[in-house]
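Novice: One structure, as structure tokens, below. Some questions next.
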Amino acid sequence: MTVIDNHDVLRKDGEVRLSEASARDFFELLKPRVMSLVVFTAFAGLVLAPGPIHPVLGAIAILCIAVGAGASGALNMWYDADIDAVMTRTARRPIPAGRITPSEALAFGLTLSVFSVVILGLVVNWLSAGILAFTIFFYAVIYTMWLKRSTPQNIVIGGAAGAFPPVIGWACVTGGVSFESVILFLIIFLWTPAHFWALALFKMRDYESVGVPMLPNVAGEATTKNQIVVYAVLTALCAVVPALTGAASIGYGAVASLLGGIFVYCSIAVWRMPDGDQKMIPAKKMFAFSIFYLFAIFSALMIDRFAAGALGLIGGIL
């Protein structure tokens, strides 16, 4: 039986040994599913920002943002190895499963953090690199080491880390931050609590077993459901703002309104779910749709921008 602690080695049958991690294990440390969302929203920020960026620089920027996100994931897994070993949905992660030592994960995360920030600063610009560095610090230190285990509002405040990628992408193109990029930030920031608390509802026994103060465990299911509805409504309203300010078309506004209506409907289904429901089907559906919702909103924004550009080009030719 393998026992994991936060030292430099893994112990098996009383003997000290080094890990035999594969490339796949290190890739898993990067939290690839989370990274895919980060890459997508950062790319959206890159596309939606006014002005051009050389394709090579754009590719390097996205790569650095992806690596920085992966570094955050690795540092999160290093620090949370103790609770990951107890929770059912995380017990097979590389560190608690005994495939990677904690010190290897820490070194991996720190190395990727420095690499991603320095390369982004040298090749693109230092504002985007600075925001990336702050994002990594916020997720690994402020959220993982402090907020996650100390307050039921952990995911509300900590959600800022996941909301920065489109701002970084925007800064890569423009060298600055604008009202439009702040709206992109707010869409993700407001979306995160509704998304994550839906997960927390049907995984609250896991969080309770490790003493993480998620809202359902601390404030109860009823309060959590109320908050999910509130944040779903705020997210839906915020997602329509680009159309109201002229940053996107009325067509995008219609799509965002439809998606937002479905998002709010899902949250109301969760709100109506009886406390103590063992199946938690509405919460699971809310969680699944919330992922689709965010991808759909940012896809709609990019399609709208491409359509506007194409119409402008045709108008110029005619």
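Residues in the sequence shown are numbered from 205 upward in steps of one, following our numbering. Note that CB positions come from ideal geometry on N, CA and C, so glycine has one too. As the structure is a computational prediction, the values presented were derived from the model and not from experiment.
1. Please classify F320 as buried or exposed, where buried requires at least 16 neighbouring CB atoms within 10 angstroms.
2. Any chance the region 405-421 sits against the region 245-264, with 3 or more Cβ pairs inside 8 angstroms?
3. Evaluate A504 with the Cβ neighbour count: other Cβ atoms within 10 Å of its Cβ, from every protein chain shown; 16 or more gives buried, anything less gives exposed.
4. Please classify S226 as buried or exposed, where buried requires at least 16 other C-beta atoms within 10 Å of its C-beta.
5. Rank G325, A301 and T315 by C-alpha distance to the C-alpha of I266 and give the top, closest one.
6. Got a sec? Which residues, its chain only, sit under 7 angstroms from G313 by beta carbon, not counting five neighbours each side?
7. Any idea if S332 is buried or exposed, counting beta-carbon neighbours within 10 angstroms, 16 or more meaning buried?
8. Excluding sequence positions up to five away, which residues of its chain have a Cβ less than 6 angstroms from the Cβ of A273?
9. With distances taken from CA atoms, which of P486, V437, M291 and G465 is nearest F393?
10. So, A564 versus T339, is the Cβ gap smaller than 8 angstroms?
11. I'd like the list of long-range same chain contacts for E425, defined as Cβ closer than 6 angstroms, with 5 residues on each side in sequence excluded.
12. Taking C-beta to C-beta, are I335 and V386 nearer than 8 angstroms?
13. Starting from the C-beta of L403, find all residues in its chain whose C-beta is less than 6 angstroms away, skip the five residues before and the five after it, and write them out in chain order.
Specialist: From the atom records:
1. Indexing the sequence shown from 1 puts residue 320 at position 116. It is worth fixing the name first, because residue 320 is Ser in this sequence and not Phe. Burial is judged here by how many other beta carbons sit within 10 angstroms of a residue's own beta carbon; S320 has at least 16 and is buried.
2. When C-beta atoms of the region 405-421 are compared with those of the region 245-264, fewer than three pairs fall below 8 angstroms, so the two segments do not count as touching.
3. As a position in the sequence shown, residue 504 is number 300, starting the count at 1. By the neighbour-count rule (16 or more Cβ atoms within 10 Å), A504 is buried.
4. Reading the sequence shown from its first residue, position 22 is the one you call residue 226. Exposed is the call here.
5. Here residue 266 refers to the residue found at position 62 when the sequence shown is read from its first residue. The candidate whose alpha carbon is nearest that of I266 is G325.
6. Numbered from its first residue, the sequence shown carries residue 313 at position 109. Excluding residues within five positions, the ones whose Cβ falls inside 7 angstroms are A275, A278, L279 and W282.
7. To locate residue 332, count along the sequence shown from 1; it is residue 128. Label assigned to S332: buried.
8. One-based indexing of the sequence shown puts residue 273 at position 69. So the list reads M239 and V242, once near-sequence residues are dropped.
9. Against the sequence shown, residue 393 aligns to sequence position 189. Closest by C-alpha distance to F393, out of P486, V437, M291 and G465, is V437.
10. Any property of residue 564 remains undetermined from this structure, which presents the chain solely from 205 to 522.
11. In the sequence shown, residue 425 corresponds to position 221, counting from 1. Excluding positions up to five away in sequence, the list reads D479.
12. Translated into the one-based positions of the sequence shown, residue 335 becomes position 131. Translated into the one-based positions of the sequence shown, residue 386 becomes position 182. Not in contact: I335 and V386 (Cβ atoms no closer than 8 angstroms).
13. Residue numbering aside, residue 403 sits at position 199 when the sequence shown is read from its first letter. If the five residues before and after L403 are omitted, its C-beta is found closer than 6 angstroms to the C-beta atoms of F491, all from its own chain and listed in chain order.
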